[in-house]
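In the working numbering, the protein residues as written are 2 to 239.
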């Protein structure tokens, strides 16, 4: 009888929906990497923290602390800042000290910029004053900008310079970028750019050439491209 009920329920509800999100492992089911032992309590929390997994039920709840606001606040442009201190998740730790990967990459980048023959890499991490620069650089990841610093779009929410006819792209940039990144010391590089509607392919060829030269210089380097929409030109994507 139970089997018939289960079959009827399956037919009525249909197959379960698939999710591409990675499930967060239960603390009690967190297995040690060496022996596969089941970890619980503080050991499980440490195991998850080392792998960058944060469970909301294990994180401190700032709204329960004295002095923190507990009621939701509707943001308003030009409005007053809400009373009370910012919650803990709003803050990020300092990039790191002298013995961190961040300091190593920072020193390497500044040394290359000081070199008369070196290429000035425009990192989005620094230009945008990204608060996550410490997390990314300590993990060996950085983001750089290609195709200049002037965009052909005029989005109201963006502070990037705009111009309908910006300066032509630097034809040597793919070679210079590949050379600079190969000697920088990162493990994962993200390439992005402004929109260049003034170019026939929107800058797609520039991206492709840069990626090819990066992989030629350092085959083990992982490259990610955050490209523009190329004005919807599918040929540019291919």
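Cβ coordinates follow ideal geometry from the N, Cα and C atoms, glycine included.
On a predicted model such as this, the values are computed, not experimentally measured, just so you know.
Coil, strand or helix - residue i by DSSP
i	result
residue 77	coil
residue 228	coil
residue 60	Note that residue 60 scores a pLDDT of 49, beneath 50, so its modelled location is shaky and nothing firm can be said.
residue 143	strand
residue 161	coil
residue 30	Residue confidence for residue 30 is low, a pLDDT of 45 falling below 50, so the modelled location carries little weight and cannot support an answer.
residue 113	helix
residue 152	strand
residue 193	strand
residue 218	helix
residue 87	coil
residue 124	strand
residue 239	coil
Local Cβ density within 10 Å of residue i, reported as buried at 16 or more and exposed below that
i	result
residue 81	exposed
residue 231	buried
residue 237	buried
residue 167	buried
residue 96	buried
residue 200	buried
residue 173	exposed
residue 156	exposed
residue 179	buried
residue 98	exposed
residue 106	buried
residue 212	buried
residue 85	exposed
Distance between beta carbons of residue j and residue i, contact taken as under 8 Å
i	j	result
residue 175	residue 207	7 Å
residue 184	residue 113	7 Å
residue 181	residue 146	Not confirmed; about 13 Å, so no contact.
residue 214	residue 222	About 11 Å; that fails the 8 Å criterion.
Selection from the options that minimises the alpha carbon distance to residue i
i	options	result
residue 194	213, 225 and 76	225
residue 198	233, 213 and 128	233
residue 94	51, 135 and 203	135
residue 1	109, 84 and 131	Any question about residue 1 goes unanswered here, given that the chain covers just 2 to 239.
residue 152	219, 116, 239 and 229	229
residue 227	202, 196 and 116	196
residue 177	202, 218 and 150	218
Is the region 177-190 close to the region 137-156, with three or more CB pairs under 8 Å? yes
Would the region 207-218 and the region 155-163 be scored as touching if the rule is three or more Cβ pairs under 8 Å? no
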